[in-house]
Structure formats: C-alpha cells, structure tokens
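Structure first, then comments.
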Amino acid sequence: MSSQLHKIAVLGASGRLGRAVVPALGGARVLGVGRRGADTWVRAWYFVDRRDRDGLRIVLDQADAIVDLCGFGRDDAQVLLDVCPRPIPLVFASSLAERDPAHWSRPLADLGPEPADGYGQTKRHASDLLLAHWPGPLLVALLPQLLSLDDRGERALEYLRQAEATGAVRLPGTGEQRPAVLEVASVAAVFALWLAHPQGRTRVQFGHPQPQPLRALVAALLQGAEVQAELRHGAQRGPHSAGDEHLDIGALRLLVPEFAPRSLDDAFAELGRRYRRDEFADPPPQAWRPDRTAAPHLG
Numbered sequence: 160m161s162s163q164l165h166k167i168a169v170l171g172a173s174g175r176l177g178r179a180v181v182p183a184l185g186g187a188r189v190l191g192v193g194r195r196g197a198d199t200w201v202r203a204w205y206f207v208d209r210r211d212r213d214g215l216r217i218v219l220d221q222a223d224a225i226v227d228l229c230g231f232g233r234d235d236a237q238v239l240l241d242v243c244p245r246p247i248p249l250v251f252a253s254s255l256a257e258r259d260p261a262h263w264s265r266p267l268a269d270l271g272p273e274p275a276d277g278y279g280q281t282k283r284h285a286s287d288l289l290l291a292h293w294p295g296p297l298l299v300a301l302l303p304q305l306l307s308l309d310d311r312g313e314r315a316l317e318y319l320r321q322a323e324a325t326g327a328v329r330l331p332g333t334g335e336q337r338p339a340v341l342e343v344a345s346v347a348a349v350f351a352l353w354l355a356h357p358q359g360r361t362r363v364q365f366g367h368p369q370p371q372p373l374r375a376l377v378a379a380l381l382q383g384a385e386v387q388a389e390l391r392h393g394a395q396r397g398p399h400s401a402g403d404e405h406l407d408i409g410a411l412r413l414l415v416p417e418f419a420p421r422s423l424d425d426a427f428a429e430l431g432r433r434y435r436r437d438e439f440a441d442p443p444p445q446a447w448r449p450d451r452t453a454a455p456h457l458g
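All residue numbers for the sequence shown refer to our numbering, where the first residue is 160 and numbers rise by one.
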C-alpha cells in the first residue's frame with residue numbers, strides 16, 4: 160500500500176466484498192462505514208446511512224482515499240461529490256449490469272447502449288456522473304457475479320443443499336456454459352494494487368482470465384464438501400446464468416498486469432470444504448451505534 164494513503168474509508172465494509180477488501184488494504188488505517196459491524200478489523204467503525212451527508216462527511220474528511228462498495232445510483236454518487244470535493248483516489252464498485260450483455264465481450268471503448276433494465280441504467284448513471292466530475296483518480300469497477308467463501312448465504316451453496324436433499328443437482332442450461340464469476344478476494348487484490356499507485360479516471364470490466372464450465376465448478380464444490388450427487392442439466396434457473404458470459408478483460412490486464420487469480424474450481428472446492436466444516440463467520444451481534452457527532456479521534 161502506498162505510504163501516502165494512511166487512512167482509507169471503506170463504505171460497505173461489513174458486506175461480502177467489504178470483508179475481503181479490508182484485510183487486502185494491508186497497513187492502511189481503514190475507516191469502516193456500514194449499517195453494522197463485522198468480524199473484520201478496522202481502525203474505527205462508523206454507523207451512518209449511505210446518504211447521510213453530515214455523517215459521511217465526518218468520515219471522509221479524515222480519509223486519504225475512498226472505496227465505495229455500496230453506492231447504487233446517481234443520488235449516491237452526488238453525495239460523494241458534495242461531501243468530498245478533495246482530489247483523493249476513489250474506487251467505485253459497480254456492475255456488469257451497466258452494459259448490455261451483448262457488449263460484455265467487447266472492449267470498453269465500445270461501451271454500448273444503456274441496458275434495458277432499470278438496475279443497469281441506475282448503475283450506469285452513477286458511474287457516468289463520477290467519471291465526469293470526480294476531482295481525483297477514479298477506478299469504476301464493473302464487477303461480475305462474486306463468489307464469497309466466508310458467507311453461509313453464498314448462492315453457490317444452493318447446489319450443495321440441493322444435492323444433500325435430493326441426491327442430484329439440476330444445473331441451469333447445459334452445464335457447459337462458462338459463467339462470469341470472480342472471487343471477492345481477487346477483486347479486493349486488484350483494488351489494493353490500484354490504490355498503491357492510483358492514477359487516471361477509468362471504467363474497467365472485471366472477470367477471471369480463465370473461466371470454466373459451470374459443470375466443472377459444481378463438481379469441484381461437491382468434491383470439496385465430500386457430497387456425492389448426479390449432475391443433470393436443464394434447470395430453468397439457478398445461482399448462475401444458463402448462457403455463456405464472455406467478458407473482455409483487456410483493460411483489467413493493462414491496469415494490473417500481475418493479476419493472476421487462483422483457478423475458479425480451486426475456489427469452489429474451498430467453498431465446499433468450508434461448508435463441510437461449517438467454517439463460516441456467524442452473523443455479528445447487534446452493533447452498538449455511537450452518536451455520529453462523536454466520531455472516534457484517529458490522530
């Protein structure tokens with residue numbers, strides 16, 4: 160981590176991605192912003208609503224950089240611009256939903272038309288606003304479906320529960336399609352590498368450099384959990400897409416040439432092992448919520 164970034168505010172630090180981002184930031188003093196605490200070490204917790212301008216300003220006035228993992232739409236982006244006019248680095252976590260799926264395989268120079276769904280349009284508008292007006296270095300990360308290994312609510316675990324209940328797993332599609340999936344730890348590593356030397360204002364599409372067939376990923380998950388089940392295909396829906404999701408990650412390779420995440424089947428196997436051993440963090444107890452006007456002194 161760059162020695163210039165002493166304090167990094169992580170908005171959404173208690174979420175699935177936040178729990179991976181906080182430890183990835185290494186020696187930085189992390190200021191965690193969330194609705195509740197989490198079993199994740201941070202320098203200080205602030206329990207403020209994402210759109211509470213006064214509460215957010217208390218935190219961001221102390222920060223040398225921001226990682227926003229819970230920004231949703233244009234209003235959230237405008238709050239950042241209003242409460243933090245300083246030119247400090249910002250990582251803004253967005254979604255592939257910003258683009259029509261037909262354009263995912265194309266370079267971001269061909270961003271494509273706005274997606275048809277409201278969620279994607281909302282994410283696109285937030286990113287556009289920040290790219291036009293954020294005064295400092297900016298990374299807008301278009302993220303695929305994320306895989307979290309410490310969350311008992313991880314959607315991929317539905318395959319294991321189905322296998323235990325019925326002795327079979329119905330895969331969406333043929334099972335040979337390659338879904339766009341990336342482990343949260345891999346995303347966090349890229350964020351940390353970029354923050355070490357932040358520069359420019361750019362939108363980058365994230366994805367695994369070696370996607371694998373869904374059938375192989377679910378087989379690895381079952382093997383890790385030591386669960387025997389027949390793999391079938393043809394389910395109407397499931398935790399992953401029924402179609403191929405080809406991503407162009409050329410911009411990501413240029414941004415972080417050393418990006419080399421572990422294979423997806425290894426990650427799914429590890430998730431299975433954690434399921435078998437029940438190694439998931441329990442939900443934290445109801446957090447104490449301090450008066451936001453009495454924020455901790457961080458000297």
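By construction, the Cβ of each residue, glycine as well, lies at the ideal position given by its N, Cα and C atoms. Source: prediction; values computed, not measured.
Asked                                                                                                                      : Found
Expected contact under 8 Å - CB spacing of A250 and L302 to nearest Å                                                      : Before going on, a small fix: residue 250 reads as Val here, not Ala. Their Cβ separation, rounded to whole angstroms, is 11 Å, which puts V250 and L302 out of contact at 8 Å.
Selected residue, minimal CA-CA separation from G185, among A268, S307, I167                                               : I167
DSSP state of A388 mapped onto helix, strand, coil                                                                         : coil
First and last residue of the uninterrupted alpha helix (DSSP H) at I217                                                   : 212-219
Alpha carbon of A394 to alpha carbon of R374, nearest angstrom                                                             : 13 Å
Through-space distance from P182 to H262, alpha-carbon basis                                                               : 33 Å
With 16 other Cβ atoms within 10 Å as the buried cut-off, status of Y205                                                   : buried
Cut-off 6 Å between Cβ atoms - residues of its own chain near P370, not counting five sequence neighbours on either side   : R337
Own chain partners of V328 with C-beta closer than 8 Å, once the 5 adjacent residues on each side are dropped              : Y318, Q321, A322, V377, L381, A388, E389, L390, R391
Residue nearest to A440 in terms of C-alpha spacing, selected from H165, R175, V169, G171                                  : R175
Buried versus exposed call for Y434 [16 or more other C-beta atoms within 10 Å across all chains shown]                    : buried
D227 - DSSP class collapsed to helix/strand/coil                                                                           : strand
V242, enclosing alpha helix (DSSP H) - first and last residue                                                              : 233-242
According to DSSP, residues forming a beta bridge with K282                                                                : Paired residues: none, contrary to the question.
Pair within 8 Å by beta-carbon distance, E308 and Q364                                                                     : A small fix is needed here, since residue 308 is Leu in this sequence, not Glu. Cβ distance not < 8 Å, so L308 and Q364 don't count as in contact.
N-terminal and C-terminal residue of the beta strand (DSSP E) that Q304 is part of                                         : 304-306
Closest residue to E273 among R283, R265, R412, P266 (Cα-Cα distance)                                                      : R283
DSSP bridge partner residues for F439 (one or two, in chain order)                                                         : For F439, which the question treats as bridged, DSSP gives no partner whatsoever.
For G326 and P266, the rounded distance between their alpha carbons                                                        : 42 Å
V299 and L290 closer than 8 Å at C-beta                                                                                    : yes
Chain-order list of residues whose beta-carbon lies under 8 Å from that of R233 (same chain, five-residue window excluded) : T281, H284, A285, L288
Boundaries (first-last residue) of the beta strand (DSSP E) holding P331                                                   : 327-331
V340 versus V386 - alpha carbon distance                                                                                   : 22 Å
Near the ligand MN: A419 beta-carbon under 7 Å from a heavy atom                                                           : With respect to small molecules bound, the structure shown includes none, and the ligand MN cannot be examined in it.
Reduced DSSP secondary structure (H/G/I, E/B, other) of L341                                                               : strand
When L306, R216, P246, D259 are compared against P398, the one with the closest alpha-carbon                               : L306
Member of E342, E417, E438, H356 whose CA lies at the smallest distance from the CA of A426                                : E342
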